[in-house]
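In the numbering used here, the protein residues as written are 6 to 87.
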């Protein structure tokens with residue numbers, strides 16, 4: 006239970022930092038930015054377990070969450086262009 010709460014908290018902060026680091030205007034509000042960060046944290050957790058960086062149930066690191074959120078922002082940018 007604490008790992009999910011930790012991932013949510015880290016994800017909220019990571020979304021705001023990812024939006025600040027990635028250049029360009031994504032046109033999202035702060036709620037969508039928070040959801041983006043949480044999704045990035047879960048993506049980083051899933052990829053981290055798949056690649057052997059994390060154990061199942063281990064909270065995701067902050068830098069990995071920011072990278073996951075940036076990956077989702079890039080995907081969002083490609084989808085938004087089409």
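Heads up, the beta-carbon is just placed ideally off N, CA and C, and yes, glycines get one too.
Residue i to residue j span [Cα, whole Å]
i: residue 63; j: residue 49; result: 12 Å
i: residue 20; j: residue 28; result: 14 Å
i: residue 72; j: residue 58; result: 14 Å
i: residue 68; j: residue 35; result: 20 Å
i: residue 9; j: residue 39; result: 15 Å
i: residue 30; j: residue 77; result: 14 Å
i: residue 23; j: residue 60; result: 24 Å
i: residue 53; j: residue 43; result: 15 Å
Residues near residue i in its chain [Cβ-Cβ closer than 6 Å; skip 5 each side]
i: residue 81; result: none
i: residue 70; result: 15, 16, 19, 45, 46, 49
Secondary structure of residue i, DSSP reduced to three states
i: residue 32; result: coil
i: residue 42; result: helix
i: residue 14; result: helix
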